[in-house]
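Chains A and B, in that order, are what the protein sequence lines are.
Per this note's numbering, residue 33 is the first one in the first sequence, and the count goes up by one each step.
Per this note's numbering, residue -19 is the first one in the second sequence, and the count goes up by one each step.
Heads up, the beta-carbon is just placed ideally off N, CA and C, and yes, glycines get one too.
To keep things clear, I will list the structure first and then write my remarks on it.
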Amino acid sequence: MSQPPPFVLPPDGPGSRVRALLAGAGRQRVAVALLALGALLAAGVVWARATPHLAGPATGQDAAGSPAQTLPRVAPAGPGGGPGASAAGAGGSAGAGTAGPGAGGADGRVAVHVAGRVRRPGLVRLPAGSRVQDAIRAAGGSAAGADLDAVNLARRLTDGEQVFVPGPGDPPPPPPPGAAADAGAAPPAPLDLNTATLEQLDTLPGVGEVTAGRIIAYRSAHPFTAVDELLEVPGIGQRRFEQLKDLVTVA
Amino acid sequence: MTRGPSRPTRPDHDADPDGDGVTLAVATATGVALGTRFPAAAGWVVAAGCLAATCLWTARPLRRRGGSGVAAGLLVLGLLLVAGGAAASVRATAVRGGALVGWVGRPGRVEVVGAVAEEPRRLRYGGRWVVLTVDRVRLGGRTRRTRERAGVVLGRGGGVDRLGVGDRLRVRASVARARWGDALGRRPPVVLRHPVIEERAPPRGAVGGAALRASEAVRDAARRRALASLAPERAGLLVGMALGDTSLLPAALEGEFRAAGLTHLMAVSGANLAVVLAAGLWLAGVAGTGRRALAAVGVALVALLVVVTRWEPSVLRAGVMAGVVLGGVASGRGPGGRRALCLAVVVLLLADPALAGALGFQLSVAATAGVLWLGPAAARALPPWIPERARGAAGMTLGAQAVAVPALALALGPVSLAGLPANLLGLPLAGGPMLLGVVAAATAPVAPWVADLACRLAEPFLLALIAVARWAAGLPGGSVTLAGPARAGPAAVVLVALAVARWRRSPYLACPAGPPPDFREDGPSTR
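Structure representation (structure tokens):
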């Protein structure tokens, strides 16, 4: 590289200065200097891109909207659940399921279909943690003849569910398909991880006294903000989480 | 990584212009190391800017070489050192300032959106180690744009097996510090724990995404063609050797190749490039192409192979090096393997200092340096009854092994004693599958029958290679794992051997007249 140049251009002629500069004694220095400047430029670009900055206004809409744009909807790949994950659980969680009440961090709202004896039946969107009564109110309130005693007005809403307000002649609401295995029993309302007692947690499938105790120990250290934080609790792996995630919620 | 270049055996100091190249590469690498260790980015950048300006200023043709030669050399070396330091320190600063790094140790979950950065690595129990280039992080209720790397272990099932470079994921997880992260972020500084994949999407981006999708299509077609025309283990070996894709390789066979010290065949590197270039350029030469057109064909082939193999570090190194060599050929200055290696190291380190910490890059530089510096001497030291070409090939293998084995032992510990005979037997066989596999991949999407033919032509080579690997893996003491100070053993052995050889063939290890100009060391035909 430091060999004398194999040929020397005549010092005159068009562009001779530049060519002499490149071909002459300083060729290596010019090349190295340009290389170094290029490296500085590249490093600057890397630094500018790596420095975290807010992506526009931090509204819930932004957070939910932009990843969805970058990632066209496909069936979510269940990660570690393995073949053991129940088909019903996987089916129920496909699509909007992961954006449910707990994971509702996506936009912090739930969408509920209010049907039956209400003034404006249809889809309503409410803040996560709202009750059935809020949903009925959002649907214009109960219509004449609504049998509000047949509905648990205090129940916390989950994303994607249907609230049916029966009239006098209507049959009792059918249980949601996921709960069909419970032989007609009313679907248990999702358990709030932050308020459930040890005994209530104990009733969850795959959760014994020890795990329930760990859940409570975890939440006394840092309260749950999302359902999938259950994965941080020692003893709850991907498979157990798949069973639990639709049965619990976070207010 | 400069282990090889920094300890050259100089055949003849005056006839060896490569000494310069070595010092340039060493200066850059030193700068990168210093910048990583002392990441005061502003200082490095200012110093680099000043030196670059000085270089440009003093490079005016009015000052001739001669009197200021030493000063000019020192200036160039200093500039490269400082530029390496600047590049490394800026990146180290960026890595430390990452959004995820700042979140380590906090209890909440984060949501990240990112693209798979490298080929996912298969873990022992069936999971995958996936490195993401994260471009969006949602934590603490706010979404931030960023650009940092994060590792995540994904379990089996759920289509994770089919995850390829560039695939985009949205993952919720908690953040923990990675134990093995490096300062420049090549090995990610954070790990996403307890991941829940929320969404998955194909690569995006106009150029990069299209290239990745095209490359995945080619690789997929090649996999299917290979499986259709070969037995599974041979198909896996062919795809691994030609494209570096080990997803089809049975674990047992992979273990045998590791025990035989032949795993490097499964990493695409300069050897693949050399074989493909040699064949392509020969074809073009037969067709009567001119010198410049030949170089253009070569560059096109290099670009093609780099894209199809997803720019692994060793491929990048070989690609830049081949580019330098081809540039030399096209401009009529002739190839220069050693100089090309040094230049490639300088350019790559300045462009991406994190490469310095990539074992694949270190090993391939070390092995190439071994081929270029020790290979010719080793070939000459072999008994003369061996044919010239076989001696050259064996010398290259010996040279590469003499550097790569100690380097690998120093870095990780395993030493394959069977590696030497396995490589001597296996390397001559490897060229066939490397070339035919690329031919099969290139033709699989358009002319499946050509691909099938190429696969079948490669079959005898694959059978022989598998036989060699099985035989070598079965040798007693085939694979030994060193620990502690014993790791330096192979390096010491090689150094002692070199010293003895030098002493016995005083004054020089190599021939006194310097390497003949047409010796194969100077072609791109390196590992």
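Check: Below-9 Å beta-carbon distance, A57 (chain A) vs any chain B residue; Outcome: Unreliable positioning characterises A57 (chain A) in this predicted model, as indicated by a pLDDT of 45, which lies under 50. A coordinate reading is not provided.
Check: 9 Å Cβ cutoff, G70 (chain A) in contact with chain B; Outcome: yes
Check: Euclidean distance between Cα positions of P175 (chain B) and G350 (chain B); Outcome: 43 Å
Check: Beta-carbon proximity of V56 (chain B) to R61 (chain A), cut-off 9 Å; Outcome: yes
Check: Beta-carbon proximity of G21 (chain B) to V70 (chain B), cut-off 9 Å; Outcome: First, the residue type needs correcting, since residue 21 (chain B) is Ala and not Gly in the sequence shown. Taking 9 Å as the Cβ cut-off, A21 (chain B) and V70 (chain B) qualify as a contacting pair.
Check: CA-to-CA distance, G216 (chain B) to L229 (chain B), given in whole angstroms; Outcome: 4 Å
Check: R290 (chain B) (DSSP reduced to helix, strand or coil); Outcome: coil
Check: Nearest-angstrom Cβ-Cβ length linking A66 (chain B) and A75 (chain A), presumed shorter than 8 Å; Outcome: 6 Å
Check: Own chain residues within Cβ distance below 6 Å of I247 (chain A), not counting five before or after; Outcome: L233, V265
Check: Nearest-angstrom Cβ-Cβ length linking E439 (chain B) and L210 (chain B), presumed shorter than 8 Å; Outcome: 6 Å
Check: CA-to-CA distance, L69 (chain A) to T38 (chain B), given in whole angstroms; Outcome: 16 Å
Check: Cβ contact (3+ pairs, closer than 8 Å) linking the region 357 to 365 of chain B and the region 406 to 423 of chain B; Outcome: no
Check: 9 Å Cβ cutoff, S154 (chain B) in contact with chain A; Outcome: yes
Check: Neighbouring residues, chain B, relative to L86 (chain A) (Cβ below 9 Å); Outcome: R122, T123, R124, R125
Check: Beta-carbon proximity check, L352 (chain B) vs A9 (chain B), cutoff 9 Å; Outcome: no
Check: C-beta atoms of R150 (chain B) and I177 (chain B) nearer than 9 Å; Outcome: yes
Check: The region 144 to 164 of chain B touching the region 89 to 99 of chain B, judged by at least three CB pairs closer than 8 Å; Outcome: yes
Check: Proximity test, Cβ basis, 9 Å: E231 (chain A) and chain B; Outcome: no
Check: Listed by chain order, chain A residues near R204 (chain B) by CB distance under 9 Å; Outcome: The premise fails here: R204 (chain B) is roughly 22 Å from chain A at the closest Cβ pair, so nothing lies under 9 Å.
Check: Minimum Cβ-Cβ distance from A82 (chain A) to chain B less than 9 Å; Outcome: yes
Check: CB contact flag (V117 (chain B), L134 (chain B), <9 Å); Outcome: no
Check: Residue(s) in a DSSP beta bridge with S344 (chain B); Outcome: In DSSP, S344 (chain B) forms no bridge with anything.
Check: N- and C-terminal bounds of the alpha helix (DSSP H) containing T34 (chain B); Outcome: 21 to 38
Check: Chain B within 9 Å of A90 (chain A), Cβ atoms only; Outcome: Its pLDDT being 41, under 50, A90 (chain A) is placed unreliably by the model, and nothing is read from it.
Check: Neighbouring residues, chain B, relative to T190 (chain A) (Cβ below 9 Å); Outcome: Those within 9 Å of T190 (chain A) in chain B number zero; the least Cβ separation is about 17 Å.
Check: Outcome for G267 (chain A) when other beta-carbon atoms lying within 10 angstroms are tallied against a minimum of 16; Outcome: exposed
Check: Within chain B, the residues that T292 (chain A) reaches when beta carbons sit closer than 7 Å; Outcome: Limits of chain A in this structure are 33 at one end and 283 at the other, which puts residue 292 (chain A) out of reach.
Check: Those residues which DSSP pairs with S227 (chain B) across a bridge; Outcome: The partner list for S227 (chain B) (beta bridge, DSSP) is empty, contrary to what the question assumes.
Check: Minimum Cβ-Cβ distance from Q275 (chain A) to chain B less than 9 Å; Outcome: no
Check: Cross-strand partners of I177 (chain B) (DSSP beta bridge); Outcome: B:V151
Check: Cβ-Cβ separation, L185 (chain A) to G164 (chain A) (assumed contact under 8 Å), whole Å; Outcome: For clarity, residue 164 (chain A) is Val in the given sequence; the question names Gly instead. Confirmed, Cβ separation roughly 5 Å.
Check: Buried versus exposed, by CB contacts within 10 Å (16 or more), T227 (chain A); Outcome: exposed
Check: CB-CB length for R157 (chain B) against V84 (chain B), believed under 8 Å; Outcome: 5 Å
Check: Minimum Cβ-Cβ distance from G76 (chain A) to chain B less than 9 Å; Outcome: yes
Check: Segment contact, 8 Å Cβ cut-off, at least three pairs: the region 458 to 473 of chain B with the region 383 to 392 of chain B; Outcome: yes
Check: W365 (chain B) - DSSP class collapsed to helix/strand/coil; Outcome: coil
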